[in-house]
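Asks:
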Amino acid sequence: MAQTTTLVPTMAVGLDIDAIRADFPILQRRIHDQPLVFLDSGASSQKPRQVIEALDRYYETTNANVHRGAYTLSEEATAQYEGARARVASFINACCPKEVIWTRNATEAINLVAYSWGRANLHRGDHILLTPMEHHSNIVPWQMLAGQMGLELDFMPIAPDGTLVLDNLDRLLTPRTRLFAFTAMSNVLGTINPVKELTAAAHRVGALALVDGAQYVPHAPIDVQALDIDFLAFSGHKMLGPTGIGVLWGKREILNSMPPFMGGGDMIREVHLRHSTWNELPWKFEAGTQAIAQAIGLAAAVDYLENVGMAAIHRYESQLTGYAMERLSEVEGLRMLGPSADKRGGLVAFTLGDIHPHDIAAMLDTMGIAVRAGHHCAQPIHEHFGIPASARASFYLYNTPAEVDALVAGLHKVVEMFAF
Amino acid sequence: MDLYRDEILDHYKHPRHFGHLDRPSLTFHDTNPFCGDEITLELQIEDGVIKDVAFTGHGCAISRAAASMMSEAILGKRLDELKGWNKEDIIDLLGIEVGPVRMKCALLPLKALKAAVWGLADDGEAAA
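From first to last, the protein sequence lines stand for chains A and B.
Note that our numbering has the first sequence beginning at 1, numbered continuously upward.
Note that our numbering has the second sequence beginning at 421, numbered continuously upward.
(1) Would you call residue 262 of chain A buried or exposed, if buried means 16 or more other Cβ atoms sit within 10 Å of its Cβ?
(2) For residue 516 of chain B, name the three-state secondary structure that DSSP assigns.
(3) In three-state terms, what does DSSP make of residue 188 of chain A?
(4) Under 8 Å, do residue 211 of chain A and residue 192 of chain A count as touching if we go by C-beta distance?
(5) Return helix, strand or coil for residue 35 of chain A, following the three-state DSSP convention.
(6) Under 6 Å Cβ to Cβ from residue 419 of chain A, same chain only, skipping five residues before and after it: list those, please.
(7) May I ask you to list, following chain order, the residues of the region 475 to 493 of chain B that have a beta carbon less than 9 Å from some beta carbon of chain A?
(8) Beta carbons nearer than 8 Å to chain B: which residues of the region 357 to 368 of chain A have them?
(9) For residue 477 of chain B, does the three-state DSSP call read helix, strand or coil?
(10) To the nearest angstrom, how far is it from the Cα of residue 95 of chain A to the Cα of residue 86 of chain A?
(11) Just to confirm, is the Cβ distance from residue 160 of chain A to residue 380 of chain A under 8 Å?
(12) So is residue 257 of chain A buried or exposed if we call it buried at 16+ other beta carbons inside 10 Å?
(13) Whose C-alpha, out of A/354, A/146, A/185, is nearest the C-alpha of residue 347 of chain A?
(14) At a Cβ threshold of 8 Å, is residue 504 of chain B touching chain A?
(15) Within 10 Å of its beta-carbon, does residue 486 of chain B have 16 or more other beta-carbons around it, so buried, or fewer, so exposed?
(16) Using a Cβ distance threshold of 8 Å, determine whether the region 514 to 528 of chain B contacts the region 477 to 486 of chain B, with at least three qualifying pairs required.
(17) According to DSSP, is residue 440 of chain B part of a helix, a strand, or is it coil?
(18) Assign residue 79 of chain A to buried or exposed, taking buried as 16 or more other Cβ atoms, counted over all protein chains shown, within 10 Å of its Cβ.
(19) Using 8 Å as the Cβ pair cut-off and three pairs as the minimum, do the region 422 to 437 of chain B and the region 513 to 521 of chain B touch?
(20) Across which residues does DSSP place residue 457 of chain B in a beta bridge pair?
(21) Which stretch, first to last residue, makes up the beta strand (DSSP E) that contains residue 170 of chain A?
(22) Does the CB of residue 132 of chain A have a neighbour CB from chain B at under 8 Å?
(23) Between residue 423 of chain B and chain A, is any beta-carbon pair separated by less than 8 Å?
(24) Closer than 8 Å by beta-carbon distance: list the chain A residues that pair up with residue 439 of chain B, in chain order.
(25) Which residues, in order along the region 506 to 521 of chain B, keep a beta-carbon less than 8 Å from a beta-carbon of chain A?
(26) Is there a Cβ from chain A that is less than 8 Å from the Cβ of residue 456 of chain B?
(27) Which same chain residues, not among the five before or five after residue 332 of chain A, have their C-beta less than 6 Å away from its C-beta?
(28) Leaving out five residues on either side along the sequence, give the residues of the same chain with a beta carbon under 7 Å from the beta carbon of residue 163 of chain A.
(29) Taking DSSP as the reference, what is the three-state secondary structure of residue 211 of chain A?
(30) How should residue 60 of chain A be labelled, buried or exposed, when 16 other C-beta atoms within 10 angstroms of its C-beta is the threshold for buried?
(31) For a cutoff of 8 Å on Cβ pairs, would you count residue 549 of chain B as touching chain A?
(32) Helix, strand or coil, according to DSSP, for residue 336 of chain A in the structure here?
(33) So residue 495 of chain B and residue 511 of chain B are in contact, right, with Cβ under 8 Å, and what is the actual spacing, rounded?
(34) Could you have a look at residue 358 of chain A and say whether DSSP puts it in helix, strand or coil?
(35) Taking only beta carbons into account, state which residues of the region 245 to 263 of chain A come closer than 8 Å to chain B, listed in chain order.
(36) In this structure, how does DSSP classify residue 177 of chain A when only helix, strand and coil are distinguished?
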């Protein structure tokens, strides 16, 4: 077996990782009698005590439906729920809380745009521009809409290092292009895309820009006004928040012009037997009782992240990823997907000779190490690189260089065990 | 029990019946797109009995070991008997506890086998 060094670099930024780790009860768990090394935050992050307690507190002291009863609990619940919306709005620098629409997750946010804006605004022969590195949630809704409405889908070319080729962008964006939907950060390659530049190019031909922020928003500062994007979709559970809560942010004037997504309670102003009128933003898009506790939990997650500092989190993860890529390159037969550390966020997907990613993940699990294996809901980008699947380690603010060392040591064992 | 016990790794590294038959009576291809696993199963059938078997494809250690072990086990078996096989038969062969996530890997070879033999009458002729 190859010797692994235990060289741990001093992280230059001032995150108190020990204090952060102490906030996450699950990190105390042992898996197969080993300390848990959780490297799958790209799929879903762990939750700090502050978020878990916010959920408990809501259910134990405040639980009631919002926007309904003229009684204390309902008023308190409404204030906390709408306060959470304002909290998320300021986190992404939205102009106002009404631009923040609660959804279940980023997937539902993108589907909302496809069903509501897409059906009302697109016509046969219109084009939508996408990239091959999109998660299925930013491909399949557009395929479905294209099939129903006779739309054309175009895809940006991608360089061998997994970055977008920008040279022909102005030829790909034509007056027939009505929407450019792209991820801010690939969940497989880690590539961080130039959101501002892509958005400006879309706007030059009159297309709207929809950004899938599921991977980016949890890990770096984002300012929707400075970027001038039109829609942003992200999920709470990838950013220390609960499952079941996500966000569609959109520019107010665009959201105002869109028809409702789903019909039901709370999204209406008046209902008569044969017609109804719609509520105003943001409630027009929120039919039925929403994930109230989860929205409040997400606000607690945002508090936690901002308390640590998004810029500091981003810097720390960049350094950790650089270190991980350096160490992973020592493993025999390991091939990393995507660009150099300076062009990516905190994740590394890789293949390891002919060893199937499921076997990599299952063997690492016996050592307490959790990584993702499969196509990570991004089959087209795997197809693009000619591989059926990959293993992926993704990092967050609670991961350490020592955990990267554990991963590398584990991979040496995997090679030893499965090599022919 | 250990997922990667020695016998599993042995079948993975040295799969039995890996390759092609000269004159297969039947060839069946199946995939598991979720993990990218793929199997092509070839059967030579005489008088409703499996006379020879071969498989090719790629997949994880569990799916490959399952294909290898299953190939050994079905040799000489009657089609009507194989039609009654279910997931327990494969788990018994593997001799490990397979969790819900890996179950699809373990059962891909069986899925191919069942699809192949259910397309045949018990005497090995194509079913009407």
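Built from N, CA and C at the ideal position, the CB exists for glycine as well.
Replies: A quick look at the data gives this:
(1) Against the first sequence, residue 262 of chain A aligns to sequence position 262. Looking at its Cβ environment, which holds fewer than 16 other Cβ atoms inside 10 Å, residue 262 of chain A is exposed.
(2) Position 96 of the second sequence, counted from the start, is the residue given in the question as residue 516 of chain B. Under the three-state reduction of DSSP output, residue 516 of chain B falls in the coil class, being neither helix nor strand.
(3) One-based indexing of the first sequence puts residue 188 of chain A at position 188. Correct three-state label for residue 188 of chain A: coil.
(4) The residue you call residue 211 of chain A lines up with position 211 of the first sequence. The residue you call residue 192 of chain A lines up with position 192 of the first sequence. No, the pair does not count as a contact, with Cβ atoms beyond the cut-off.
(5) For the purposes of this step, residue 35 of chain A is taken as the residue at position 35 of the first sequence. Here residue 35 of chain A sits in strand by DSSP.
(6) Locating residue 419 of chain A in the first sequence gives position 419, counting from the first residue. Sequence-distant partners of residue 419 of chain A (beyond 5 residues in either direction) whose C-beta falls short of 6 Å from its own C-beta are missing from its chain.
(7) Within the region 475 to 493 of chain B, the residues whose Cβ lies closer than 9 Å to some Cβ of chain A are 478, 479, 480, 481, 482, 483, 484, listed in chain order.
(8) Listed in sequence order: 357, 358, 359, 362, 363, 366.
(9) Your numbering for residue 477 of chain B matches position 57 in the second sequence. Three-state DSSP puts residue 477 of chain B in a strand.
(10) As a first step, residue 95 of chain A must be located in the first sequence, where it is residue number 95. As a first step, residue 86 of chain A must be located in the first sequence, where it is residue number 86. Straight through space, the alpha carbons of residue 86 of chain A and residue 95 of chain A are spaced by roughly 10 Å.
(11) Looking up residue 160 of chain A in the first sequence gives position 160. Looking up residue 380 of chain A in the first sequence gives position 380. No, the pair does not count as a contact, with Cβ atoms beyond the cut-off.
(12) The residue given as residue 257 of chain A occupies position 257 in the first sequence. Label assigned to residue 257 of chain A: exposed.
(13) Along the first sequence, read from residue 1 onward, the residue named residue 347 of chain A stands at position 347. Taking only the C-alpha atoms, the option nearest residue 347 of chain A is A/185.
(14) Working through the second sequence from its first residue, we reach residue 504 of chain B at position 84. Taking Cβ atoms only, chain A never reaches closer than 8 Å to residue 504 of chain B, which makes this a no.
(15) Residue 486 of chain B sits at position 66 when you count from the first residue of the second sequence. Its Cβ being crowded by 16 or more others within 10 Å, residue 486 of chain B is buried.
(16) Contact holds: three or more Cβ-Cβ distances are below 8 Å.
(17) Taking the second sequence and counting its residues from 1, one reaches residue 440 of chain B at position 20. Residue 440 of chain B: coil per DSSP, three-state reduction.
(18) For the purposes of this step, residue 79 of chain A is taken as residue 79 along the first sequence, with counting starting at 1. Exposed, since its Cβ has fewer than 16 Cβ neighbours within 10 Å.
(19) Contact holds between the region 422 to 437 of chain B and the region 513 to 521 of chain B, because three or more Cβ pairs, one in each stretch, are under 8 Å apart.
(20) Taking the second sequence and counting its residues from 1, one reaches residue 457 of chain B at position 37. The partner list for residue 457 of chain B (beta bridge, DSSP) reads B/452.
(21) As a working note, residue 170 of chain A is residue 170 in the first sequence. Segment 169 to 172 is the alpha helix (DSSP H) holding residue 170 of chain A; no beta strand (DSSP E) there.
(22) Within the first sequence, residue 132 of chain A is the residue found at index 132, counting from 1. Answer no: the Cβ-Cβ gap between residue 132 of chain A and chain B never drops below 8 Å.
(23) Along the second sequence, read from residue 1 onward, the residue named residue 423 of chain B stands at position 3. By this cut-off, residue 423 of chain B is an interface position.
(24) Indexing the second sequence from 1 puts residue 439 of chain B at position 19. Those do not exist, as residue 439 of chain B stays about 16 Å from chain A at its closest Cβ, beyond 8 Å.
(25) Answer in chain order: no residues at all.
(26) Along the second sequence, one-based indexing puts residue 456 of chain B at 36. Contact with chain A is found for residue 456 of chain B, since one of that chain's Cβ atoms lies less than 8 Å from the residue's Cβ.
(27) Taking the first residue of the first sequence as position 1, residue 332 of chain A is located at position 332. Within the same chain, and ignoring the five residues on either side of residue 332 of chain A in sequence, the residues whose Cβ sits closer than 6 Å to its Cβ are 415.
(28) Walking along the first sequence from the start, residue 163 of chain A turns up at place 163. 191, 339, 343, listed in sequence order.
(29) Counting from 1 along the first sequence, the entry for residue 211 of chain A is found at position 211. DSSP places residue 211 of chain A in strand when its eight states are reduced to three.
(30) Residue 60 of chain A sits at position 60 when you count from the first residue of the first sequence. By the neighbour-count criterion, in which 16 or more other beta carbons inside 10 Å mark a residue as buried, residue 60 of chain A falls on the exposed side.
(31) The shown model of chain B, from 421 to 548, leaves out residue 549 of chain B, and the question about it has no answer.
(32) For the purposes of this step, residue 336 of chain A is taken as residue 336 along the first sequence, with counting starting at 1. In this structure, residue 336 of chain A counts as strand in the three-state DSSP scheme.
(33) Residue 495 of chain B sits at position 75 when you count from the first residue of the second sequence. Residue 511 of chain B sits at position 91 when you count from the first residue of the second sequence. For a cut-off of 8 Å, the C-beta gap from residue 495 of chain B to residue 511 of chain B is around 20 Å, too long to register as a contact.
(34) Start at 1 with the first residue of the first sequence, and residue 358 of chain A comes out as number 358. The answer is helix: DSSP assigns residue 358 of chain A an H, G or I state.
(35) Those would be none; no residue qualifies.
(36) Within the first sequence, the letter at position 177 stands for residue 177 of chain A. Strand, per DSSP.
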